[in-house]
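The sequence shown begins at 1 in full-length UniProt numbering and counts up one residue at a time.
All C-beta atoms in this analysis are idealised placements derived from N, C-alpha and C, irrespective of residue type, glycine included.
Small disclaimer: the values here were computed from a predicted structure and weren't measured.
Scroll down for the structure; my scribbles are underneath it.
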Amino acid sequence: MDARIAVFRDRFDRLKRDIAIKARSNGFSHEIRIVGVTKGRSDEDALALFTAGVDHLAENRWEFLSGRADLCLSGRSPLWHFIGALQRRSLRQNYRPVYSVDTVDRPSVLPVLARLAEQAKVRQNILVELDLTGLPGRSGVREDNLDSLLKECSGWPELEVKGFLVMGPPPEDRAFSRQVFRRGRALFERFFSGNDHVLSMGMSEDYSEAVAEGSTEVRIGRYFFGEAGE
Numbered sequence: 001m002d003a004r005i006a007v008f009r010d011r012f013d014r015l016k017r018d019i020a021i022k023a024r025s026n027g028f029s030h031e032i033r034i035v036g037v038t039k040g041r042s043d044e045d046a047l048a049l050f051t052a053g054v055d056h057l058a059e060n061r062w063e064f065l066s067g068r069a070d071l072c073l074s075g076r077s078p079l080w081h082f083i084g085a086l087q088r089r090s091l092r093q094n095y096r097p098v099y100s101v102d103t104v105d106r107p108s109v110l111p112v113l114a115r116l117a118e119q120a121k122v123r124q125n126i127l128v129e130l131d132l133t134g135l136p137g138r139s140g141v142r143e144d145n146l147d148s149l150l151k152e153c154s155g156w157p158e159l160e161v162k163g164f165l166v167m168g169p170p171p172e173d174r175a176f177s178r179q180v181f182r183r184g185r186a187l188f189e190r191f192f193s194g195n196d197h198v199l200s201m202g203m204s205e206d207y208s209e210a211v212a213e214g215s216t217e218v219r220i221g222r223y224f225f226g227e228a229g230e
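Structural data, given as structure tokens:
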């Protein structure tokens, strides 16, 4: 465990430096949150990553997240994000309050999520997931449906929309990635203001492009858990 923590801490420090340099070189000075994605990893890996300083962790399946939500270190627990597809049955069976549900993409999940939050006596933070790529088979709300979804969200006081999650295209086309993330930033600035809102863009393969376009949060898994931290 100790060796694993040291590896994660080194990769975390390198990543923070790289992100800060990339942000400054593109005119951004805001803080950028790093969320460690632990899907498919062991509880020991998740706890080691948290011990290394990554306070925000993410899972893509409710049953795994529910099982890990009680992990703690010296009385501290990770701040958990849900980043998977939202399915109403799984929500009903496995939901528990988390720091943020980051993949709200359609009105039909709102009543279920709001009712569960009300039962848990919390106001649940959410992000609206955007699909700005135009590629088939992608999750996320399209731009032409965004206004109506945000209006639907505003009708549920148990839910608080904190910002957007933007999935990039396949990372091979870096120019297209920049274009998608640039549009995500423009929409973020249109709908939100203030430092307490979140624009989650960028993963291990494309965080450089996302940070260059103004991301305030990146979701990183493979960089931490890859053999060479790639």
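Grouping DSSP H, G and I as helix and E and B as strand, with all else coil, what is TRP80?
strand
Residue(s) in a DSSP beta bridge with GLU59:
PHE82
Is DSSP giving GLY163 helix, strand or coil here?
strand
Inspect the CB distances between the region 188–204 and the region 5–14 and report whether three or more fall short of 8 Å.
no
If I measure Cβ to Cβ from PHE64 and keep anything under 8 Å in the same chain, skipping five residues before and after, which residues do I get?
LYS39
Around the Cβ of ASN26, are there at least 16 other Cβ atoms within 10 angstroms (buried) or fewer (exposed)?
exposed
How long is the line joining the alpha carbons of HIS164 and ALA3, rounded to whole angstroms?
As written in the sequence, residue 164 is Phe, which differs from the His given in the question. Approximately 36 Å, taken between the alpha carbons.
Run the CB neighbour count on LYS162, radius 10 Å, all protein chains shown included, and call it buried at 16 or more, exposed below.
buried
How would you label ASN195, buried or exposed, when you count the other beta carbons within 10 angstroms and need 16 or more for buried?
exposed
Is ARG138 helix, strand or coil by DSSP?
coil
Within the chosen definition, does the region 31–47 reach the region 213–221 through at least 3 CB pairs nearer than 8 Å?
yes
Please confirm whether ASP55 and ILE83 have their CB atoms less than 9 Å apart.
no
Does the separation of the CB atoms of GLY140 and ASP147 fall below 9 Å?
no
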